[in-house]
Every structure is written in C-alpha cells, then in structure tokens.
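From first to last, the protein sequence lines stand for chains A and B.
So in the numbering used here, the last spot in the first sequence is 471, and the numbers never skip.
So in the numbering used here, the last spot in the second sequence is 318, and the numbers never skip.
What follows is a short report on a single structure.
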Amino acid sequence: MNKNNVLNQLPRYLLLLFVALLFLIPFYLIGRNALMTDGEITSLHWAWLSPHPQWGNFSALFHDTAAPMLTGLANSAVIAVVTLVFQMLFSSMAGYALARIPARGRNVVFFLILATLMIPGAVTFVPTFAVMAYLGGVNTRWGIIAPGVFSAFSIFLFRQFYLRFPTEIEEAGRLDGLSYFGVYWRLLLPNSTNIIMALGVLTFIASWNAFLWPLVIGQDPSAWTVQVVLSTFLSSQKLNLPQLFAAAAVGVAPLVLVFLVMQRYIVEGAKFSGGKE
Amino acid sequence: MPILQKSQADRSATFAFWAFVTPALLGLTVFTLVPIVWGFLLSLSHAQNTIHPGHFIGFRNYADLLTDEAFLKSLVTIFVFALFIVPLTFAVSLGLALLVNKIGWGRSFFRTVFFIPSAVSYVVASLIWKVSLFNGLPFGFVNHIIGLFGAHPVAWIGTAHPPWYWLVLVTVRLWLQVGFFMIIFLAGLQEIPKSLYEAAAVDGAPSGWPVLRYITLPQLKATSVSVLLLNLIAAFQAFDEFYNILGGSGASIGNASLARPPLVYLYSLALSNQDFGRGAAGGFILTALIFAVTLLQGRIFGFGGSEK
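Below, the structure is given as structure tokens:
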C-alpha cells in the first residue's frame, strides 16, 4: 500500500484504534483487579497496575472451600466436552439421514425438527425443568447436559452441508460394498471436519458460558458450573474483590485461549449461524 | 435392478434412516416436544409446589398473569430493552464491519479485538460491569475516567433510583454480541460483487454515502434481516445480565425491581415461589410475543429470502 493511501485512511485507523481500546478495557480490568489486594482495588488513588502483583490470589481461590471453584471448573469442562461430542455425533447422523437416505417419513421427520427450531429455547425452561425433575435429573451433570445435546439448529446445518456433498464419492463407496453406516463413518464424517470444527467450537463456548439452565438444574453446590459459582460469588454478602476477579480470570481464560487458537473455525461457525454459508 | 433387490434396498434404506435419526429425534422429543405439551398442561393447572399437571383451572394462569402488574411491567421492560439494544447493535456492528472491510493493513487484528468478547460469558461480563467498570464508588473505572474531566462519581446501579442503569445494561450486551454480528456483516460485504462498485465508479457516482446508500445497504438486505432477527429473539430472552447486575430473585443486594425482564420474573415465579403453572403460562405468553414481533418485523423488512 502506498503512503498516500495510508494517509487517507488515517481517520479510519484512529477511529478503529479508539474503539479497539474501549473493547479491551474489560479484559484489562479483570487482569488488573485479579492481581491486586483489596486495598489497592478500592483505593481512591487509581493505579493502572499493581506494583506488587498478587499471584497468591489465584492459589487462595483454589483453597477457599466456600467458593467451590475447582468443582465448578471440573463440572463445566465435563459438561462442555460431553455436549460437544454428542451434539456433533447425533446432529451429523440425523443431518446425513435427512439429506441422503431415501426413506418414507423423511419429510415428516424433517418438518418436526424444523418445528422445534422455531421454539425459543430459554422460554421453555420451566416445563423442561418439570420434565427433568420427573426424570430425576436435578442436581446431576447429565441433567445439565442432556437438553443441550439435541439441537435442531445444528441438525439443520449438517443437513444443508450434506446436501451439497458430492454424490459421486458416496456412490463409489456404495459400489465398494459399504453400508449406509460405512459411508457415513468412513466417507462423510472424515470429510466433515470443517463444519464439525465450526459448530463444535461454538457449541463448546455456548455450553461453557451457559447460565440459566445450569442455574435452574444445578441447585446443589456439587453441580454448580463455573458460571453459577461466579454468579453466587457475585451476589454473596461479603464480596472478596481480588478473589472474585481471580475467579473471573480463571473462568474466562480457557475460552479466550480456545477462541484465539480456533478463531478461523469460529468465524466459519458464525457465518453458518448467520445464514451466510 | 430386479424388483426383489430393489425392495430389499428400500428396506435397508428405511432401517438405516431410522437408525440414524432416532437418537436426535428421541432427544428432541423428550427435551423439547414433551416439555411443550407438559408445559401447556401445567399452564392450565393450579400447580403450586408440584410439577404435575392435573388440577385444571382453565386459562386462569394466563388471565392472572395478564393482570399481574409485575409481569406486565416485565414485558414493558423487555420492549424498552429491545428498542435500545437492537438498533444499537445493528448500527455498531455494521459500522465496524464497514470500517474493518475498508482497511488493508491490520484487518485481522481489529477483527479479532472486536470479536473476542464473544468468548466471554454474560456472567463474567456482568461481574466486570457491576463491580469494576460501572462501580458506583469513586474507584470504579468509569467514575475514575470521568473524574479526570472533573465530573463527580455517578451511582450507576447502586442507589434506589440510579439514573443511568440502562446504560450499564445495554453496553454489556453490546460489548458481548457486536463482534459476532460484525463477522456476519463482513461475510455479507464480501459477497457483494466488485463489479457493482466498479460500474458505479465508471458512471461517475461519488463515493461515500451514495455508494453505501444505493449499493452496499441494498446488497446487504438478507444479511441485515438475519442480524435483526437473531438479535431481537435473543433480546427478548435476556436473563443473565439482568439477573447478575441487578440481582436475581433471591439476591439480597441489588436492584432487581428496577428492570426485571420476563425470564427473571418467570424464574422467580417458578423456582422461588414454586408456582409452575403460572411459570409455564408466562413462557407461552412470551413465546407468542416473540412470534408476533418476528412476524411484524417480517412484514416490515421481509424475511430476507425473497431477493436475488
């Protein structure tokens, strides 16, 4: 790019830099407060960074039995990973069948799945809680996981993806004597890594960050996810500021890492979700 | 293919089809369809302290809710919230997409910075907004910054009638979701054929606003509609930031009554008061409202499928 062009673009860059700075402030605040003492955070003399970073805030966090952060992290990790694996598996299976296996009743099934797509998820949390209580899923990890595994939306996206998959490959496989299952497992699934990564990362992030459903189902501290732990922390009478921010940092760091490493796929996933693919 | 073999192939296809869709179908049935039916029956029942429908009372739960001032207030709250957050998110994400799309050097850097808040949960963001960014005491970040310009600290959400609480509630969601919609707009922008712009330049059309108005925005129509729709549906289901910033049903600190959206109200009805009948009825009212608003938007802007 020539010099003239850069000069022309200067106002644009300045504006972008200003907005970028605003967008980074919350991250800065987590880091700043997580490494300070309570006195430093609440001091009337603003310090941009602590002169003596309090790394001990983090170890204190994991030793505090009143704030079950370790349990929360373990719950969230298990819940997010299991949701991710089973949602991808069941959705790709159903998507493949709906796109490629001719059978009577296929349209009815597809219509049924589309119909559930129309229901706003958060709105049904009261009756879903009732069903889950009936099934004995309250205060269990599977109770938190199960409704998140079945997503009409990702079934729909897998179906669209397999509709565009070249039929030649599939036919060649059939001629070689592969069953429908063989075609799916050996030919389609290995060629679906892009969509699986794209939707998988979004599923993982959504599951880790979910709040309402884990709050409703996980009432006992043993079933709290990271988000519920943080929320409980936030509403407790005696707010321990350094610990609160250390907890926030621990809760958000794995995701920021996943985000940075997987950004390419997340962008793809966002486009899928916005109907741009 | 001989007839016998064909019917055998049909049967194996039918078997494979059902084997492949059964897990998903079963799951969606148990965790979506059954709850809808169960919920509807609950909504017609007096279901205090029980998750079982049975004591049927007709539509009394609906009638009670529609005359319940707190519930009506929550509907007003969510309309006001949507009125702020939807246009604002639309404008900011489109603006950022246009800016990022125009620059050459540093594009991926800016894209990452605006998109990365999508990795943060509403709970963590609410925590930062409430305790640090918009803390009402002088050590809150925004109070510190406006203090540099000589302004007095503002009690953002701490007092009984805080003047600026909408700013706190709207900016947190804005920060969290703008990057996601910017990405969708960027994808839309990249699909616009370059030839359209070249033709406009050849015809001597001035660049800037006219190009945006007569080429870019019309070409982005499908994208714009899907952004509006996703955004609107999400806004009507707001829960996390209201619950965590203003305080939930049981939270002793906070200003929950200031702005209580329907989901927070239904949460306290069903989970704190154990009135599952009314809680379920409220869910259906809210769903109807979301459908109505979606249809209205479809009437005004189209559903985005008709062009091209």
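The beta-carbon is built from N, C-alpha and C at its ideal position, and this holds for glycine as well.
Owing to the predicted nature of the structure, the values given are computational and were not obtained by experimental measurement.
If the five residues before and after G198/B are omitted, its C-beta is found closer than 7 Å to the C-beta atoms of L230, T233, all from its own chain and listed in chain order. For D285/B, the secondary structure class from DSSP, reduced to helix, strand or coil, is strand.
Pairing N254/B with L85/B gives a Cβ-Cβ distance that is not under 9 Å. Check the Cα spacing between S416/A and each of L435/A, A241/A, M263/A: the tightest is with M263/A. Within the region 222-257 of chain A, complete alpha helix (DSSP H) segments of at least 4 residues are found at 232-235, 250-257, given in chain order. Assignment of S270/A by DSSP, reduced to helix, strand and coil, places it in the helix class.
Ranked by Cα distance from F41/B, the first of L435/A, L383/A, G299/A, T322/A is T322/A. With its beta carbon at least 9 Å from every one in chain B, G394/A lies outside the interface. Sixteen is the threshold: when 16 or more other Cβ atoms of the shown chains lie within 10 Å of the Cβ of G337/A, as they do, the residue is buried.
Contact between Q247/B and P220/A is ruled out by a C-beta separation of about 23 Å, above the 8 Å threshold. Counting every other CB atom within 10 Å of its CB across the protein chains shown gives M192/B a total of 16 or more, marking it as buried. Straight across, the Cα-Cα distance linking G292/B with T77/B is about 12 Å.
R223/B is classed as exposed because its beta carbon has fewer than 16 other beta carbons within 10 Å across all chains shown.
Interface flag for G160/B against chain A is unset, since no Cβ pair is found closer than 9 Å.
Excluding five sequence positions before and after P127/B, the CB atoms of its chain that fall closer than 7 Å to its own CB belong to W185, L186, G189, given in chain order.
The beta carbon of S55/B is closer than 7 Å to those of P63, G64, H65, F66, I67, G287 in its chain, skipping five residues each way along the sequence. Membership of G146/B in any alpha helix (DSSP H) is not indicated, and neither H nor E is assigned to it by DSSP.
Residue nearest to L306/B within the set A107/B, I243/B, H171/B is I243/B (criterion: CA-CA distance).
The residue from W240/A, A447/A, E362/A, F453/A with its alpha-carbon nearest to that of H154/B is W240/A. Contact note: P148/B reaches chain A through L238, using a C-beta cutoff of 7 Å and chain order. In this chain, the alpha helix (DSSP H) harbouring E462/A covers 457-467. V444/A sits away from V422/A, with the two beta carbons spaced by 9 Å or more. By the neighbour-count definition (other C-beta atoms within 10 Å, threshold 16), D414/A is an exposed residue. Taken atom to atom, the span from the alpha-carbon of G225/A to that of V90/B is near 34 Å. Secondary structure in the region 79-157 of chain B: the alpha helix (DSSP H) runs of 4 residues or longer, each lying completely within the stretch, are 79-112, 117-125, 132-137 in chain order.
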